[in-house]
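Protein chains in written order, with our numbering: chain A, 23 to 360; chain B, 3 to 483; chain C, 30 to 378. Glycine included, every Cβ here is placed at the ideal spot set by N, Cα and C. Only one structure is covered here, and it is reproduced in the block below.
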Amino acid sequence: MTRWRYFARRLVLSIPILIFGTTATFWIIRAGPIDPAAAIIGPDGDQQAYQRIRDQLGLDEPLWQQYIDYMVGMFTGDFGQSWVLNPDTSTIVLLQQYAPRTMWLGFWSVLIALFIGIPLGFYAGLNPNSWSDYVASFGGIVWRAMPNFWLAVILVSLLSQSQQLFGFSWQEWIVNVNVVTAPPLDNLGDPQELLRAIKWTLPAAIVLGSSSMGNEMRIGRTAVLETKNSNYVEAAKARGIPGRSLVWKHVFRNALVPLVPIITGEAFLLIGGSVLVETVFAINGLGYLFFDATINGDLPLVGTLMFVFILLIVIINIVQDLMYTLIDPRVGYEGGDS
Amino acid sequence: MATTVETTFRERLTRQPGPATKWLGVLLVLVALQFGAVMQTIMSTVPWGTIGGALPATAPWAALAGVGDALADLPTLLARDVIPNQGYQVPGEGWQGTFMGLSPAAAWGIRVSLVYLYSFGFVGWLGYGYLVFRRHYRAADWTPYDDMLGRLDGHRWGQFGLVVVLMFIVMALFAPTLGPTTVQSNIAEPFSHELQYFDENAGEVTTILVGEANLQSVSKGGGGRNVGPMQYDRYDRFHPFGTLPSGKDLFTFMVAGARVSLFIGLLYISLAAGLAVVLALVTAYYKGLADLTVVIAGDSVQALPQLLVLILLSFVLSDTWIAGIYNGGLLLALIFAITGWPYLWRAVRGPALQVSNEEWIDAAKSFGQRPVTTMRKHMLPYVVGYLLIYASLSLGGAIIGVAGLSFLGLGVNPPTPEWGRAVSAGQPYVATASWHISLIPGIMVVIIVTAFNALGDGIRDAVDPQSEAGSNEVAAGGGGA
Amino acid sequence: MSAEAPLLAVENLRTEFYTDKETVRAVDDVNFRIERGETLGIVGESGSGKSVTARSIMGLVESPGNVLPESSIRLDGEELTEKSESEYRGIRGSEVTMVFQDPLTSLNPVYTVGNQLKETLRLHRDLDGQTLTDTAIGLLEDVGIPDAARRISEYPHEFSGGMQQRAVIALALACDPELLICDEPTTALDVTIQAQILELLAEIQVERDIGIMFITHDMGVIAEVADRVAVMYAGEIVESAPVRSLYSDPAHPYTNGLLDSIPGNQPGGRELTTIEGEVPIPNGAATHCRFAPRCPKAFEECYELAPEPLPTTAGKDDHTAACLLFPEDMKREDAVDEHRAANTEGTDE
């Protein structure tokens, strides 16, 4: 079947992409002007210790040798150890420590964006030029234009001082939580703890999902509007297909097609946005770890994180192609290589 | 009237010189305004200039002065010296040193209004010129561009975008004129500049270093330590947007930041768009392996999380020579371009492929037209409109991205003003009396990014009324900043 | 004229569209009827109001469009213009359905042909299970799709253009309608495929004894399919006649123009001609002949008086033309008076 061949082709194409991304990361961090030995040893290390560290890390080997070692390491799962932040700790261990908080945050931001953005967009598309449409459209446009970091700053301040500002304490509402710092995630089985963790994450998740939500709303609206006015919907009407079936069967599935890249595109925004949002909300997740590792010159950690992020994006791209393949039978039919 | 005889532009001009003369007349008026202002600038004493000129220029500032002055030289027509807004109030005698003895707020307001009036007059003149050309001198009665402009005519949303974007560009171009004070004297080297104010205790006009005055006009929450929007500080200085926690003027900071953002954004877009168009045309023309190679290259670059690469590269390269040029602005624009071209390329690839399948391209090939000529003459005009759409969307994204980086302390080197740094500086004071520090820059970003998006929508509806929002918009949002 | 009500009777149909700047009267006082087993061809240039007439009958005219209240559309004697949207939905599909111009875009791309066929069958014939599938396959076979059992699970884009239009016709037949409206169903197809589809429609009509309203701009196609022809211009029917009579004895200058613009159709060595100008966009009721500015035979009164559809010659009631030159057996002044009289009568109603 053509569309599964298309999918297979996309799968094969993801291999050079992964290799290229990893290579690019290597050249940025290793071939750049950063001297990892100097970063490890700090400003007052002596020359001998400096040289010892260079030998130890193999920094005096030819660059291509280092490159091959690095690539082999990455693709065989040998990610190396942290040099600066947590010396002698495997980067994998650090990843395991920091990842759950980011995943929890990402999960909720995707969920919020999906379950608010798409229904609002579809609703606006079904009722175009009504007041609710204008409110939803305009809201989506503005919401999407807000920088994450700014929204985070404003939200943190408002929520932390909600008692003084609005006479309503966000921290004490329903369950007692902090506005900043990460929620404890080790006891999610307990309903009370689960609720706490959700409420704790909610503000950061809303910020992180903000632009995706705006995008989904907007694209959802135009997609529904376009599908609604398409010939096949008119033809279905001419066959007497009832309204409910028109909307749910004929309009929505087609309207989902342009939403696929928006939904998977959230991943890009999440990975990038997590650095800023986690910094403002003081959540020690992967984004925060990446920033910390970068400004401290902890190259193996940066390399590992980049590799994981690239891998994630490649996987999400594959999921996107899979979704396309499932939703839209035309995929791969006409050239279909975009 | 359709004329069958081919005439040159010159012939059409000599046949009917009236409208063109009128148009040039308007230009003369505009230049005369400028000329008077320039003359006055030369004649009058230039306090900021002479003081600034006497100072040894530090390395990054020399660079800024180089690029910045080149930009600023042209628009000094409404020089700040013509309508000075800095003065002091002596009891019973009113304002001294300000324009016509007006209050600094009024003088500043007049200057800002004049700058905008002049700018919009200039834009109007350009538009009028196009209409004159179209009505009287263009060989063709009709071109597809007429229809595009016609569609933009009723497009309120796009027009809103255009007006706000123009205002932003004017803000960036005229930054030195618009601020109630200058970057040099208030932000970069406050301890090398001085100002006069009326000291009530001493009962006389006193001179103080700007830096000292700044320390007394900080915005750090309440308790007398706040200078909010549209307020005067105790040295009779007017602050349209209030002051920063350091006591520096936020409005001056913002307009200077606008110039930095716009410079980075435009440079990024020109580089990325140039690359994107060339690649799209070449791959659409040759297809096959060329196309596949660029697809893989583009996908690979897109697989790198843009914001993280920006963070990584700005940090890695922060101590190199390239980071010194335009205070890191050039470096940022380059990184943006390297990581951002695939988004623009994807946007124009579709239209380029579409046009490459048209029969006239085959026809051009078959009678042996050179590929470069075919691409330039037959494919490029079709693609440019689509490029503009995404260029507009990406510019908004770049502004967010640059602000996000400077919020983290990366990218544009301090003390060069950048909006993200203002948000960062105001972070502790959001819920206090000094709310303006974080809020105003953020709202400005929202308005300008919305305007760029609106302009993009407008161009889209003008270029291709059938199409609707594309998927590339995700990435146009600054990679999650 | 039989005493029984005709399958479709359209009277005084007026449909308007409202834009920011103006009101466009896309259909202006259109009258015609279609009997069972009969094909009415509606012909005209684009913008003449053919498709809006069809959509008005289907109840598919949506805001900012509006079928004016004086209009009457009776299907099997039942007045449709007074139906609510939900009542109309019961009529669409089961009694009247429509085949659109572009077969690919009138099929939902993300569902198989079988899925859409079964959906329609389930709705109108209350079938399920194996019977449903068998009926669907049977319908595809009926419209001449080979290997129907396999193709039923294919997607629209996997069909060729001609096969797509056959599938669309199968979908229409699944409704088991009394009246089938075909809006340029062959325009997007190759000439050979076009002939096959026309043949198919003719067969279906004989088998099922349904009325067909066939819209096209192609005079050649009309000659093949129609029993009677209505020529539309700027929202009005300017000439109406049995197909033979129209071709042998065209009356209205516009019809003549249309016939002369068919290549190879110039009787007596007349040249292939074109009609200069474009169809005007009517904004309200006609005050004069809308074709007059393009008409080679226009005279003074044509710009002052709106012609009414009158018999082309006295007693020839089935061939009418809205032109001041007719009835042709009258003197011109008398004919003009006749139209003027019909005109006032029309306004009094």
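- Nearest CB-CB separation between Ala-46 (chain A) and chain B: below the 8 angstroms threshold.
- Inter-residue distance for Met-232 (chain B) and Trp-437 (chain B) is about 14 angstroms (C-alpha atoms, whole angstroms).
- Taking the Cβ atoms as the reference, Ile-176 (chain A) lies roughly 7 angstroms from Ser-440 (chain B), within the contact range of under 8 angstroms.
- Flagged as an interface residue toward chain A: Ser-302 (chain B), by a C-beta distance shorter than 8 angstroms.
- Residue environment: Asn-276 (chain A) is assigned as buried (16 or more neighbouring CB atoms within 10 Å of its CB, all protein chains considered).
- Taking 8 angstroms as the cut-off, the Cβ atoms of Gly-387 (chain B) and Leu-298 (chain A) do not count as close.
- Judged by their CB atoms, Leu-151 (chain B) and Thr-316 (chain A) are not nearer to each other than the 8 angstroms cut-off.
- Neighbours of Val-451 (chain B) in chain A, taken as residues whose beta carbon is under 7 angstroms from its own, are Ala-167 in chain order.
- Given a length threshold of 3 residues, the segment 122-166 of chain B has no whole run of the beta strand (DSSP E) inside it.
- Collapsing the DSSP output to three states places Ser-101 (chain C) in a strand.
- Just measuring C-alpha positions, the residue of C:Thr-164, C:Gly-119, C:Val-250 sitting nearest Gln-225 (chain C) is C:Val-250.
- Arg-261 (chain B) has no beta-bridge partner at all, per DSSP.
- Residue contact check for Met-87 (chain C) against chain A: a CB pair falls below 8 angstroms.
- Against Ile-461 (chain B), chain A offers no close residue; the least beta-carbon distance is about 16 angstroms (beta-carbon pairs closer than 8 angstroms).
- Under the three-state reduction of DSSP, His-368 (chain C) is assigned to helix.
- Residue burial is scored here from C-beta neighbours: Val-94 (chain A) has fewer than 16 other C-beta atoms within 10 angstroms and is therefore classed as exposed.
- Taking a cut-off of 8 angstroms for Cβ pairs, the segment 100-117 of chain A and the segment 207-215 of chain A do not touch, as fewer than three such pairs fall below it.
- Per DSSP, reduced to three states, the secondary structure at Leu-200 (chain C) is helical.
- Within its own chain, the residues whose Cβ lies closer than 7 angstroms to the Cβ of Tyr-384 (chain B), once the five positions on either side in sequence are excluded, are Pro-353, Val-357, listed in chain order.
- Within the segment 66-113 of chain C, the runs of alpha helix (DSSP H) at least 4 residues long that lie entirely inside it are, in chain order, 79-87.
- As summarised for the segment 221-248 of chain C, the continuous beta strand (DSSP E) elements at least 3 residues long and confined to that stretch are 240-245, given in chain order.
- Membership of Ile-210 (chain B) in the beta strand (DSSP E) is indicated by the continuous run 206-211.
- Using a Cβ-Cβ distance cut-off of 8 angstroms, the segment 260-267 of chain C and the segment 60-80 of chain C are in contact, since at least three pairs of beta carbons, one from each stretch, lie closer than that value.
- Counting along the chain, Phe-200 (chain B) sits inside no alpha helix (DSSP H); it lies in the beta strand (DSSP E) bounded by residues 196-201.
- At a cut-off of 8 angstroms, the C-beta of Ile-85 (chain B) has no neighbouring C-beta in chain A.
- For the pair Ala-315 (chain C) and Glu-265 (chain C), the CB atoms are nearer than the 8 angstroms cut-off.
- DSSP places Ile-210 (chain C) inside the beta strand (DSSP E), whose first and last residues are 208-212.
- Residue environment for Asn-137 (chain C): buried (at least 16 other C-beta atoms within 10 angstroms of its C-beta).
- Looking at the backbone, the Cα of Gly-267 (chain B) and that of Val-257 (chain B) are separated by about 15 angstroms.
- By the CB criterion at 8 angstroms, Ala-167 (chain A) and Gly-398 (chain B) fall inside the cutoff.
- Relative to Thr-434 (chain B), the option among B:Thr-208, B:Val-207, B:Asn-228, B:Val-279 whose CA is nearest is B:Asn-228.
- According to the DSSP assignment, Thr-303 (chain C) belongs to no beta strand (DSSP E), since it is labelled neither H nor E.
- Judged by DSSP secondary structure, Asp-58 (chain C) falls outside any alpha helix (DSSP H) and instead within the beta strand (DSSP E) spanning 52-63.
- By the 16-neighbour rule on beta-carbons within 10 angstroms, Lys-50 (chain C) is exposed.
- Annotation for Asn-41 (chain C): the continuous beta strand (DSSP E) segment containing it runs 37-47.
- If you draw a straight line from the Cα of Glu-99 (chain C) to the Cα of Leu-42 (chain C), it comes to about 7 angstroms.
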